[in-house]
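Note sheet for the following structure.
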Amino acid sequence: MKKVNFGKDVVPHLAAVVAFLIITLTFFSPLFFDNKALAQHDIQQFLGSSKSIIDYRKSTGEEALWAPSMFSGMPAYLVSVQWGNAPVAWVKRLASLYLPSPVNNIFLAFLCYYIMLLAFRVRPYLAMAGAISFGLSSYMVIGLGAGHNARIAAIAFLPLIMAGIHLAFSGKRWLGFATTMLGLALHLRENHLQMTYYFVLIVSGYGLIQLIWAYREKKIKEFFTNAVILIPAVAIAAGTFFGQFWAITEYTRYSIRGPSELSKPDLPAGTDGLSKARAFEYNDGIGEPMTLFIPDFYGRNASYFFVEDQSSESYKALANSGDNQLANRLANYTYAYAGDTGAAYYGGAIIVFLFVIGILLVDKKWLWWVLPLSVLSVLLSWGANFSAFNYFMFDYFPGYNKFRSVTFAMIIILFLMPLLGMIGVEKLLTDGLTKENKKKVLIAIGVTGGLCLLVILFAGMGDYSRPGESQLPAWFTKALQADRRGLVRADAFRSLGFILPVFVMLYFDLGKKLSELGVLAFIALLVTLDMSFVDKRYFGSDKYQRKYDTGMLTETGADAAIRNDKNYFRVYNLQNAWAEARTSYFHNSLGGYHGAKLRYVQDLYDSCIQPETQRLIANVQKGNTAFTEYGVLNMLNAKYLVYGPDATNIIQNTSANGNAWFVKEVIKVSTANEELKKTGEINTTDVAVTRTTLKNGPLAVDSAATIKIAEFNPRYLKYESQSSVDGIAVFSEIYYPKGWLAYIDGKESEIFRVNYVLRSLAVPAGKHTIEFKFEPRAYVVGNKVTAASSWVLLLIALGCFGWTLKKES
Numbered sequence: 001m002k003k004v005n006f007g008k009d010v011v012p013h014l015a016a017v018v019a020f021l022i023i024t025l026t027f028f029s030p031l032f033f034d035n036k037a038l039a040q041h042d043i044q045q046f047l048g049s050s051k052s053i054i055d056y057r058k059s060t061g062e063e064a065l066w067a068p069s070m071f072s073g074m075p076a077y078l079v080s081v082q083w084g085n086a087p088v089a090w091v092k093r094l095a096s097l098y099l100p101s102p103v104n105n106i107f108l109a110f111l112c113y114y115i116m117l118l119a120f121r122v123r124p125y126l127a128m129a130g131a132i133s134f135g136l137s138s139y140m141v142i143g144l145g146a147g148h149n150a151r152i153a154a155i156a157f158l159p160l161i162m163a164g165i166h167l168a169f170s171g172k173r174w175l176g177f178a179t180t181m182l183g184l185a186l187h188l189r190e191n192h193l194q195m196t197y198y199f200v201l202i203v204s205g206y207g208l209i210q211l212i213w214a215y216r217e218k219k220i221k222e223f224f225t226n227a228v229i230l231i232p233a234v235a236i237a238a239g240t241f242f243g244q245f246w247a248i249t250e251y252t253r254y255s256i257r258g259p260s261e262l263s264k265p266d267l268p269a270g271t272d273g274l275s276k277a278r279a280f281e282y283n284d285g286i287g288e289p290m291t292l293f294i295p296d297f298y299g300r301n302a303s304y305f306f307v308e309d310q311s312s313e314s315y316k317a318l319a320n321s322g323d324n325q326l327a328n329r330l331a332n333y334t335y336a337y338a339g340d341t342g343a344a345y346y347g348g349a350i351i352v353f354l355f356v357i358g359i360l361l362v363d364k365k366w367l368w369w370v371l372p373l374s375v376l377s378v379l380l381s382w383g384a385n386f387s388a389f390n391y392f393m394f395d396y397f398p399g400y401n402k403f404r405s406v407t408f409a410m411i412i413i414l415f416l417m418p419l420l421g422m423i424g425v426e427k428l429l430t431d432g433l434t435k436e437n438k439k440k441v442l443i444a445i446g447v448t449g450g451l452c453l454l455v456i457l458f459a460g461m462g463d464y465s466r467p468g469e470s471q472l473p474a475w476f477t478k479a480l481q482a483d484r485r486g487l488v489r490a491d492a493f494r495s496l497g498f499i500l501p502v503f504v505m506l507y508f509d510l511g512k513k514l515s516e517l518g519v520l521a522f523i524a525l526l527v528t529l530d531m532s533f534v535d536k537r538y539f540g541s542d543k544y545q546r547k548y549d550t551g552m553l554t555e556t557g558a559d560a561a562i563r564n565d566k567n568y569f570r571v572y573n574l575q576n577a578w579a580e581a582r583t584s585y586f587h588n589s590l591g592g593y594h595g596a597k598l599r600y601v602q603d604l605y606d607s608c609i610q611p612e613t614q615r616l617i618a619n620v621q622k623g624n625t626a627f628t629e630y631g632v633l634n635m636l637n638a639k640y641l642v643y644g645p646d647a648t649n650i651i652q653n654t655s656a657n658g659n660a661w662f663v664k665e666v667i668k669v670s671t672a673n674e675e676l677k678k679t680g681e682i683n684t685t686d687v688a689v690t691r692t693t694l695k696n697g698p699l700a701v702d703s704a705a706t707i708k709i710a711e712f713n714p715r716y717l718k719y720e721s722q723s724s725v726d727g728i729a730v731f732s733e734i735y736y737p738k739g740w741l742a743y744i745d746g747k748e749s750e751i752f753r754v755n756y757v758l759r760s761l762a763v764p765a766g767k768h769t770i771e772f773k774f775e776p777r778a779y780v781v782g783n784k785v786t787a788a789s790s791w792v793l794l795l796i797a798l799g800c801f802g803w804t805l806k807k808e809s
């Protein structure tokens, strides 16, 4: 039996975990010690959009699966659904030491990156520095501040998958199998496929390099053996995500990320994915990747204004202007950041310096894996600013047109930089400071330090103007540009100040002359200070609120007045309805906040709802509150329109069609364009338009016919109808073909799509009970596979880790 050396085999790893825990507790101290909570914009929106779903889960113990309070209703798969992968969730809670969400994801990023560096044979205290740089990169902290919890959590587990893959290719196949399987399951559970996509690029590059080297070294058989071992690991991990993947893939076809039904002049019907305008809404500037090294190279974050600093040239210029009105107007122009995203993705000055050392020192195998992907990361982040490349990727690269916010692609270089840097330093420490290695360290400081000096010396030659500033007074723009120039120069000095001590320690081999542990611990401390000081620029006290402060979710007088009505209807917030989920927290809303809403609902908004809203507002301002002409708003049962927080800021729409109604005529059309256009023109109370097989033309009408809703919850609707003749009933519910089933007196009936977005049934004469049930196979069947796979994964992982531990001992 192998004897465990506690000081060598255990203490370094315990020290790493303790260090990660201390950094997490310290950086987010208001959360732990001041009884505060994070104020995350997207999470506030999530709370609004998911309220009805969570309430249903609490009251019934079941999943709603349908989100009735957003966009008149949509599948809840990308809002809030709990799947049967509880064992995977247990592993996450245990690995994160039961730290609260979402800051546990930063701790997990530290831990997983540390494990990956160990798998690449980087010594523990050096691996600690690399892990800290990854977890504290501003990319992670900015994402957390914005409420992108799923994205940050998904990223946190990427290093664990990479560790498993590398272990499998390094001779530790079963340990690699288990680690890959567990890491991938944890990652997929977070459900952020854009990060999965970027990671597939990283792994593809790794696999290609391994294949090339295996061919060179005549080890092709060993390569394929290692690769084949990982296939069942991936399959089992994918099984834990099977239900989610089925549901999301199915839904994506009908969302704004799927093909369009509409034929547009520049876009034929059936075109898949997002539009270029939406996909490339946010892009990095050509010089913006310099913020990896000099954080303020593109200016401070978007919420920073020079006028807030009394020592700034801008403040002094405005204070001395003598015109308070002009000064107040110009103060809005004193923002610092030049990019689309409003914040810099800082990788760390020290890490960039070590990255250059890695480029010069590591085996070519790792260099040709990391370097091309790092360049690709930057090219992708440029988006529309490098359209020749990125539009080609968008049009022809599989799956790429499903994602927006291309600046997120910077995760590739932020993932790979610390890895190559730490491998490089590990090689330097292992090989010793030979004459050749000493020369390479000098080249690295020459490149990075020289870059700092160039920025310091030539910062004054840069153009620091922003669009729309050419008409501003010259005395003001001169002061403003001086401030922006000063930020860049100051941070260049700052970066130089952090890399010089590390250079001295490595170049003069202080690890051997003094203490290797002391030198590595000092580097880890410098990395921590470097990253955290920049992070605090984006994650200050304004990111916290009192723990029980509901903020925007506080009920207003308007909310209270509407909630007195216990019937089933919708509310239309006339104040930016398509970009807020606050209304959804209290009511069933026509609008909402989501990046993957149903495409045909978005089409309806663009073509019908928005024009109707503009006409409505203009008419209301003239005192005209008759709503009969707003057929689309009426068919969506918009009973209340809200334009402010007070109870007096409500307009009741007495012309709303209600929950269901019989129409007098059905108009048949041939194309989606025709149906959408006609929907905006008809009187939806009496007429329906469709492309389906519904009977065409005027219908027999019973003027006394009724159809009323009797019961409703997110996944079940019940109506009672009475008519002396056969009729076509239209329901103010969004049509979705994958999961909704209709029954008339217990017998299944076909659901027809009418008015572009609504459901319709052919209802026979007489008195009937009509039911809609949401029973998607993607959940009913998929969740069983997910649950079974999760338990299998847990048992196999425990077996593999146990067997490996026994074998090692």
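Numbering (this note's numbering), first residue to last: 1 to 809.
Cβ coordinates follow ideal geometry from the N, Cα and C atoms, glycine included.
The model shown is predicted, which means the values in this text are computed figures rather than measured ones.
How should residue i be labelled, buried or exposed, when 16 other C-beta atoms within 10 angstroms of its C-beta is the threshold for buried?
{"i": "Leu506", "result": "buried"}
{"i": "Phe224", "result": "exposed"}
{"i": "Gln310", "result": "exposed"}
{"i": "Thr628", "result": "exposed"}
{"i": "Met74", "result": "buried"}
{"i": "Ala19", "result": "buried"}
{"i": "Met461", "result": "exposed"}
{"i": "Ala349", "result": "buried"}
{"i": "Val455", "result": "buried"}
{"i": "Asn813", "result": "There is no way to answer for residue 813, as the model of the chain reaches only from 1 to 809."}
{"i": "Leu480", "result": "buried"}
{"i": "Gly7", "result": "exposed"}
{"i": "Gln471", "result": "exposed"}
{"i": "Asn149", "result": "buried"}
{"i": "Leu829", "result": "What the structure shows of the chain is the stretch from 1 to 809, and residue 829 is not part of that stretch, so it cannot be assessed."}
{"i": "Gly799", "result": "exposed"}
{"i": "Asp535", "result": "buried"}
{"i": "Gln621", "result": "exposed"}
{"i": "Val870", "result": "Beyond the ends of the chain as shown, which are 1 and 809, falls residue 870; an answer cannot be given."}
Closest to residue i by CA distance: which of the options is it?
{"i": "Val370", "options": "Asp34, Asp491 and Gly424", "result": "Gly424"}
{"i": "Leu65", "options": "Phe169, Ala76, Ile562 and Asp55", "result": "Ala76"}
{"i": "Asn634", "options": "Glu681, His187 and Leu118", "result": "Glu681"}
{"i": "Ser260", "options": "Ser749, Ala787 and Thr671", "result": "Thr671"}
{"i": "Tyr400", "options": "Tyr198, Leu694, Thr556 and Ser749", "result": "Tyr198"}
{"i": "Ile482", "options": "Ile667, Phe306 and Phe774", "result": "Correcting the residue identity first, residue 482 is Ala in this sequence and not Ile. The residue with the shortest Cα to Cα distance from Ala482 is Phe306."}
{"i": "His830", "options": "Ala577, Thr477 and Ala233", "result": "Any answer about residue 830 is impossible in this case: the structure gives the chain only from 1 up to 809."}
{"i": "Glu281", "options": "Arg404, Tyr56, Gly358 and Val687", "result": "Arg404"}
{"i": "Ser52", "options": "Gly727, His41 and Ala67", "result": "Ala67"}
{"i": "Gln359", "options": "Leu636, Met422 and Lys435", "result": "The question names Gln, yet the displayed sequence has Ile at residue 359. Cα-wise, what sits closest to Ile359 is Met422."}
{"i": "Pro12", "options": "Lys58, Val601 and Leu520", "result": "Leu520"}
{"i": "Glu750", "options": "Thr692, Thr804, Asn35 and Trp803", "result": "Thr692"}
{"i": "Ala524", "options": "Glu436, Ser589, Ile351 and Phe586", "result": "Ile351"}
So if DSSP puts residue i in a beta bridge, which residue, or which two residues, is it bridged to?
{"i": "Ser811", "result": "With the chain covering 1 to 809 only, the question about residue 811 has no answer from this structure."}
{"i": "Ala37", "result": "Gln545"}
{"i": "Tyr719", "result": "Ile709 and Ile770"}
{"i": "Ser255", "result": "Leu598"}
{"i": "Met837", "result": "It is not possible to answer for residue 837, since the shown part of the chain is limited to 1 through 809."}
{"i": "Thr690", "result": "Lys668 and Val754"}
{"i": "Ser760", "result": "Val730 and Phe752"}
Do three or more CB pairs link the region 610-618 to the region 86-100 at distances below 8 Å?
-> no
Report yes or no: do three or more beta-carbon pairs, one from the region 739-758 and one from the region 673-688, lie closer than 8 Å?
-> yes
Determine contact between the region 448-455 and the region 322-334, defined as no fewer than three beta-carbon pairs at a distance below 8 Å.
-> no
Touching by the beta-carbon criterion (3+ pairs, under 8 Å), the region 659-666 and the region 695-711 | yes
Of all the beta strand (DSSP E) runs that stay within the bounds of the region 560-631, which reach a length of 3 or more residues?
-> 570-573
At which residue ranges does the region 375-417 contain complete alpha helix (DSSP H) runs of 4 or more residues, listed in the order of the chain?
-> 387-396
Touching by the beta-carbon criterion (3+ pairs, under 8 Å), the region 733-750 and the region 84-99 | no
Beta strand (DSSP E) runs contained entirely in the region 160-248, provided each spans 3 or more residues = none
Which residue spans inside the region 273-304 form an unbroken alpha helix (DSSP H) run of at least 4?
-> 276-279
Could you say if the region 374-393 and the region 410-427 meet the contact criterion of at least three C-beta pairs nearer than 8 Å?
-> yes
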